[in-house]
Structures are given as structure tokens and as C-alpha cells.
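Numbering (our numbering), first residue to last: 338 to 395.
Here the structure comes first, spelled out in C-alpha cells, and everything after it is commentary.
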């Protein structure tokens, strides 16, 4: 069963979710840089996601 999060992404294929579950700060930093924009930068903490049903959602 495919789970689509409130963000619109499939959790099983979400790079932020997978990097969070792997506790990969390096990958989260890469995502923050890739997904952010100069006028709206992201941090590693912004990228952390444990899924929509957790206390910590992207």
C-alpha cells in the first residue's frame, strides 16, 4: 500500500523521510541545499521527517 503524506509525497520514496530514518545528516544537508532557494533556504532541521503521523513532520 502506498502512503501519500500531507506534503503530497509518497513516504516510501521520499528522500527526506529516508534520510531521516537513516539519521543521515549529510543527506539531509544535501536535500536542504537542493530543495531550498536563496529567498527561502532550508536547514537540516527543516528536512527531518518521520512521517505525517509522528510528532516531527517535515
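We treat Cβ as the ideally placed atom computed from N, Cα and C, and that holds for glycine.
Asked                                                                                             : Found
Residue from 377, 354 and 350 whose Cα sits closest to the Cα of residue 391                      : 354
Cα-Cα separation, residue 375 to residue 367                                                      : 15 angstroms
8 angstroms contact criterion, which residue 373 and residue 379 should meet: CB distance rounded : 4 angstroms
Burial state of residue 362, where buried means 16 or more other Cβ atoms lie within 10 Å         : exposed
C-alpha gap between residue 385 and residue 351, whole angstroms                                  : 11 angstroms
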